[in-house]
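If you're matching them up, the sequences are chains A and B in order.
Position 48 of the first sequence, counted from 1, bears residue number 48 in the working numbering, the numbering being contiguous throughout.
Position 173 of the second sequence, counted from 1, bears residue number 173 in the working numbering, the numbering being contiguous throughout.
Every residue gets a Cβ at the ideal spot worked out from N, C-alpha and C, and that includes glycine.
Note that the coordinates shown come from a computational prediction; the quantities given were computed from them, not determined experimentally.
Taking it in order: structure first as structure tokens, then the write-up.
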Amino acid sequence: MRFFTIFLLALFCFPWCVCPATAQEQAPSTADPAQKLVLKEALMSERVENLTPVNSGVVFPVSSGQVCCFTSFDPVPQHTIIYHRWFRRDELSTQTRLRLYPSKWATYSVIQLRETDKGPWRVEIIDQNGRVFDVLRFSITD
Amino acid sequence: MSRFLSFLSSIRWQDIVDILINSYILLRIYVLFQGTNAFRVLVGITSLWLAQEVAASIGLILTSWAIRGITAVAAVIIIVVFRNEIRSALQARNIKTFLWGFPNRERQTPVDLIADSVFQMARKRLGALIVFPGNQDLGEVTHGGIPWNGQVSNEMLMSVFWKNGPVHDGAAIIDGERITEVGVLLPLSHRQDLPSDYGTRHRAAAGLAEESDALVVVVSEERGAVSVAKGRSLTQMADSAMLSWALKKHLNMPDISPARRRERERLKLATAGCVSFLVMAGIWFSFTRSQDTITALNVPIEYVNRPANYDILDTSVDEARLQLVGSSALIKSLAPGQVGVRVDLSKAAEGRNSFPITQADIILPPGVSLNRIQPATIDVTLDLPATRDVAVQVDWVGRLPENTALSQVSVSPETVKVIGGSKTLEKTATVYTSPVRLDSLPKSGSTTAQIVLSPPSLKLAPSCPDRVIVQYRLEEKKPSEKK
């Protein structure tokens, strides 16, 4: 019985500990499942500190070392999977799978920058059905 | 034997026609120029050319160069020196005569009648000067003639040279069976070795004979003697038979029956025709059948019969490398338009198609054959043309000023209509502008940028501008936001 209780606790805590590149903002689970998932905010930033994007913009120097795609959803009716698909010049570079939890959730993905990453980029924010919430466009420069 | 049979089977009907046409051209050159000095010089030049080829083939460098130079100079010289003969040979009365007429057959001069008339005039002490042209045009050396164009007869000749006649002092020109001109003035000879009793009439006969290949019959008014001037000789004729013989020799009329003469002419022509054919066949085979040279050419590939609905999206190669074999003369004379690779797309379908390049796809001039081709297969991707709205994104480059952030950018129009292959458009979500430098942005504002389409097969719809307006906002980074 004790092992079963620990197992349930571990299952409950799973989303908070498996995605090191993401951060979450939790609220009491009061959202109505009939509501639609809404993207409240999406922007590119140099970093995210305390779930707050820092130095947001559309151009990032490669010297900044990293760039983040910050997204905030409100409401989140139910547990949902979304993806951040990073494209460099129409070529898919990376895709990050992120979890959203009711009733609102903020999360972000991050890529480390190299010299060869310079150029125009875009990040598509989509759900698991391919619905596109937003497309963010930015450039990595000198 | 099997080699000989395979060789025979490789001869195309075009090759036979080729040889026949050129043999006929050679035969016509012989027919038009035979008997002229120019023809003899032409034969000499041809011999020189053959000698040069032999010298070159056995490696006599200096001899080959020397003969080539002599041949080139000689070719120019004969055109200048024998211009009158060449002009006479080529001046045909009509195209039929030029293409298949035989000049000797047309000449039916009544030689015996003329010889009898001449001696009759001699007996009556009527001075006369009668010119029988050879192959050379006399227009350059004679002048002052009156066109006559009368049928040759005893009475006609008598009346032309009758003492009180207005044209009796000049010469009459007989061409074939007609007196073409009368009262013609001939050039006088300046020779010192002519007998002192020869007057102006004899000097005129000698003068024309020296300057042309014509034969001139002169009748002395004082002595009643008949002489014939030909070349540098002036020979007195004993009787009409002797004159008749001299005229027949000059007019290429051997003293045989007309039937026998025609037969001999036919035999001569048949021999000339056979020789022409053999010479041309030899030249043709040496030019086209020798396989002593190999060369490689890069040839652009031409795609034909493309299905109407499709566009060519991509090809694995744009040109093929052909290794060709043939005689050195043919290989050296290859022109770019003579060789081609033509791939038939009539059976191509949407997507990627592979076509092996076969002999049937290669266009080669006769006598040149294909040894190898690279690549052996060509991939062609066909696609349906389509239109799609595609987002425009600015391609920022350079470096922003220190502590400055580009916080907002908007592009107008945000999307453009792009035309291209449907497969290409599926993969094209964004079109980019030409690079816009960040260093040159002093403050917030707007700029314009050119749209750059990639791949180049994509095109903007006619209604779309090729430049976009970029509005941007520059902000100073807040101290708290600094890293």
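Closer than 8 Å by beta-carbon distance: list the chain C residues that pair up with S407/B, in chain order. Checking the listed chains, one finds no chain C in this structure; the protein chains it contains are A and B.
Identify the continuous alpha helix (DSSP H) that holds H250/B and give its terminal residues. 240-250
Cβ contact (3+ pairs, closer than 8 Å) linking the region 72-90 of chain A and the region 126-133 of chain A: yes
My understanding is that S189/B touches G207/B, with C-beta atoms under 8 Å, so please give their C-beta distance in whole angstroms. 4 Å
Runs of alpha helix (DSSP H) wholly within the region 6-68 of chain B (minimum 4 residues, chain order): 13-33, 37-57
Closest residue to S434/B among P385/B, S47/B, I469/B, S212/B (Cα-Cα distance): I469/B
Partners in chain A for L313/B, counting only beta-carbon separations shorter than 8 Å: Within 8 Å Cβ-Cβ: nothing; L313/B doesn't reach chain A, min ~16 Å.
How would you list, in chain order, the residues of chain A whose beta-carbon sits under 8 Å from the beta-carbon of K427/B? D90
Any C-beta of chain B sitting closer than 8 Å to the C-beta of S139/A? yes
For the region 205-225 of chain B against the region 130-145 of chain B, are there 3 or more C-beta pairs whose distance is under 8 Å? yes
Whole runs of the beta strand (DSSP E) within the region 343-377 of chain B, excluding any shorter than 3 residues: 351-356, 369-374
For the beta strand (DSSP E) containing G421/B, list its first residue and its last residue. 415-421
Name the residues in the region 382-412 of chain B whose C-beta lies less than 8 Å from a C-beta of chain A; which are they? A391, Q393, V394, D395, W396, V397, G398, R399, L400, A405, L406, S407, Q408, V409
Element boundaries [alpha helix (DSSP H), containing N154/B]: 154-160
Cβ-based neighbour list, L334/B, same chain, cut-off 8 Å, excluding 5 preceding and 5 following: T295, L297, L324, P365, V368
Give the interface partners of K477/B over in chain A, defined as CB-CB distance under 8 Å, in chain order. N55
In terms of alpha-carbon separation, which member of L438/B, K459/B, M253/B, V392/B lies closest to S422/B? K459/B
Report the three-state DSSP secondary structure of V143/B (helix, strand or coil). Reading off the sequence shown, one finds His at residue 143/B, where the question assumed Val. Three-state DSSP puts H143/B in a strand.
When we look at the beta-carbon of S444/B and count the other beta-carbons within 10 Å, is it buried (16 or more) or exposed? exposed
Spatially closest choice to I16/B from P356/B, V152/B, M280/B, by CA coordinates: M280/B
Does the CB of L136/A have a neighbour CB from chain B at under 8 Å? no
Inter-residue Cα distance where the pair is R114/A and Y108/A: 20 Å
Once you ignore the five residues that flank K477/B on each side, which residues in its own chain have a CB closer than 8 Å to its CB? N403, T404, A405
Hey, is T555/B's beta-carbon within less than 8 Å of any beta-carbon in chain A? Because chain B spans 1 through 483 in this model, residue 555/B falls outside it and cannot be assessed.
Contact list for R122/A against chain B, beta-carbon separation under 9 Å: A391, Q393, A429, T430
Residues sharing a beta bridge with E181/B, DSSP: P147/B, I173/B
Grab me the residues of R137/A's own chain with a C-beta within less than 6 Å of its C-beta, minus the 5 sequence neighbours each way, in chain order. R122
Length of the line joining the Cα atoms of F70/A and E49/A: 11 Å
Does the CB of D142/A have a neighbour CB from chain B at under 8 Å? yes
Please confirm whether L460/B has its beta-carbon closer than 8 Å to some beta-carbon of chain A. no
Looking at chain A, which residues of the region 321-347 of chain B have a Cβ within less than 8 Å of any of its Cβ atoms? none
Quick one: grab the DSSP three-state call for D466/B. coil
Taking 8 Å as the cut-off, decide whether the C-beta atoms of I451/B and V416/B are in contact. yes
For D311/B, the first and last residue of its enclosing beta strand (DSSP E): 311-315
To the nearest angstrom, report how far apart P110/B and V73/B are at their CA atoms. 43 Å
Please give the ranges of any alpha helix (DSSP H) in the region 376-456 of chain B, keeping only runs that are unbroken, at least 4 residues long and fully inside the region. 422-426
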